[in-house]
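Quick notes on the structure that follows.
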Amino acid sequence: MTSIFHRSLAHDYPVAVSGAGLVIRDAAGRAYLDASGGAAVSCLGHSHPDVLAAMHAQLDSLAYAHTSFFTTAVAEELAATLVADAPAGMGHVYFLSGGSEAIETALKMARQYFVEIGQPQRRHFIGRRQSYHGNTLGALAIGHNAARRVQYAPLLIEAHHVSPAYDYRGRSPGETPEAYGARLAAELAGEIDRLGPDSVIAFVAETVGGATCGAITAPPGYFCAVREICDRHGILLILDEVMCGMGRTGTLHACEQEGVAPDLMTIAKGLGGGFAPIGAVLVADRVFAAFDRGSKLFQHGHTYLGHALACAAGLAVQKVIKRDGLLANVQAQGAHLTRRLGERFGNHHHVGDIRGRGLFQAVELVADRDSKASFDPALKLHARIKAEAMARGLMVYPSGGTADGTRGDHVLLAPPFIATAADIDAIVERLGEAVDAAIDAAA
Ligand SMILES: Cc1ncc(COP(=O)(O)O)c(C=O)c1O
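For the sequence shown, this note's numbering assigns the number 6 to the initial residue and increments by one for each residue that follows.
Right under this line is the structure:
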């Protein structure tokens, strides 16, 4: 019996009672190796002592003070830290309580920016198909996860979508990655022309696609071309790094590896590592300056933004990552994960693609490698893999609809940054067993 309106009413959830390092234990004493950080959240694993100590200390002085009355030292320090480590020219931070709130905030901030600078006619957002930006209505509108979106379609604000950067299925035979990137950028430019360049507010993209498609990375040159197109038309570039950011791909921000800086960047999951709900928008100086020179009031706000306890968690997580050199470990263990996935799945009849960066990688399952045909969606292969993995004490993040919103399955891996080579070996071994068992059962 439960009084919780759970995510799925058809599922019995084990009761999580404790966590340490990469392992969560349930009330029945079973241990689960967390290979997905939940949903790419738990970057320091569970119960990290330094984060707990910082949170206890904050709790002993002040848990919360509403931001319409006060600022706090801990929020100021976290903001200063984030700005110091942000791409050049991103000098301010707006705090939120999670990823969807961060995206809603970025959309509204972008719109008000144009009102502040006297371009109120701008009203269009362009996102990408097969993206995910969160479950609130604005985030669903700009995102394109078919299953999460379809029943709310009549409520969603107008948004426009161009092709994702999805090398495995999007790049034509014989096309170089560079030519593919140029083709995608040209499609964006065409969409901007179609809408009218001075009517577009922003282009919104996950720097590395996560929840909908599974760790899809952009072809070389794509984001530089996108940045140039946005600049040419005075359009803002919003990069959503809620999932792929804060170290997950081996650099603090995924966009560092693309050689671009956005105008607004959303971050969340790895910011607080799951120790407390926290998200943020990093804001470029020219956007901030428009508000500062203009109304001086961003017409927005939430009750819990800048929550002191959440900021203490975020600050402690970021300090540990730096102190312990964990980005280097993400790079090293990411390379190990790539190797091990290649060994285990490289010749697997039903794995069409292995992709990703750092500790953010995915395998895409196919019925047939040559044709890239997906499994019948009715088989719900992704759900079977999740169940088989849990039965083996492994947490992974599989999803369906990978290929086109309806067809396709992938498994996303996002282990904590503290993972060792032995952890990675155990993850790949158990995943291999779970995938084989799920495919056998589905056959
Ligand atoms: C890229 C991206 N943006 C936004 C969100 C929404 O974040 P939240 O679930 O914290 O609202 C997610 C969640 O998976 C995400 O992956």
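The C-beta atom is built at its ideal place from N, Cα and C for all residues, glycine as well.
Remember, predicted model here, so these are calculated numbers, not experimental data.
- With fewer than 16 other CB atoms across the displayed protein chains lying within 10 angstroms of its CB, Ser23 is exposed.
- In this structure, Asp39 lies away from Ser136, with their beta-carbon atoms at least 9 Å apart.
- Ile108: member of the alpha helix (DSSP H) spanning 104 to 121, first to last residue.
- Where Gln366 is concerned, the enclosing beta strand (DSSP E) starts and stops at 365 to 370.
- Boundaries of the beta strand (DSSP E) harbouring Val167: 165 to 167, taken from the DSSP string.
- Here His129 is bridged, per DSSP, to Val205.
- Look at His258 here: in three-state DSSP terms it is coil, with no helix or strand label.
- Judged by DSSP in its simplified three-state form, Leu27 adopts coil rather than helix or strand.
- Positions of the beta strand (DSSP E) runs, each at least 3 residues long and wholly inside the region 248 to 293, are given as 269 to 272, 284 to 289 in order along the chain.
- One residue list follows from the rule of a beta carbon closer than 6 Å to any heavy atom of ligand 1, given in chain order as Ala44, Gly103, Gly104, Ser105, Ile108, Tyr137, His138, Gly139, Glu211, Gly215, Ala216, Asp245, Val247, Met248, Ala273.
- Val231 has its alpha-carbon roughly 12 Å from the corresponding atom of Gly132.
- Proximity of the region 268 to 275 to the region 379 to 395 falls short of the contact definition, fewer than three beta-carbon pairs being nearer than 8 Å.
- Beta-bridge annotation (DSSP): Asp373 is paired with Ala378.
- In the three-state reduction of the DSSP assignment, Ser13 falls in the coil class.
- Under the three-state reduction of DSSP, Pro159 is assigned to helix.
- In this structure Gly437 is in contact with Arg349, their Cβ atoms being roughly 5 Å apart against a cut-off of 8 Å.
- Its Cα nearest to that of His129, the residue Arg116 stands out among Ser66, Arg116, Gly139.
- For the set Leu399, Ser204, Asp441, the Cα lying nearest the Cα of Tyr37 is the one of Leu399.
- In the DSSP annotation of this structure, the continuous segment of the alpha helix (DSSP H) that includes Val335 starts and ends at 331 to 350.
- According to the DSSP secondary-structure assignment, Asp445 is paired through a beta bridge with no residue.
- Note on geometry: alpha-carbon atoms of Ile240 and Ala59 lie some 40 Å from one another.
- Residue state for Tyr185 is assigned as helix, using DSSP reduced to three classes.
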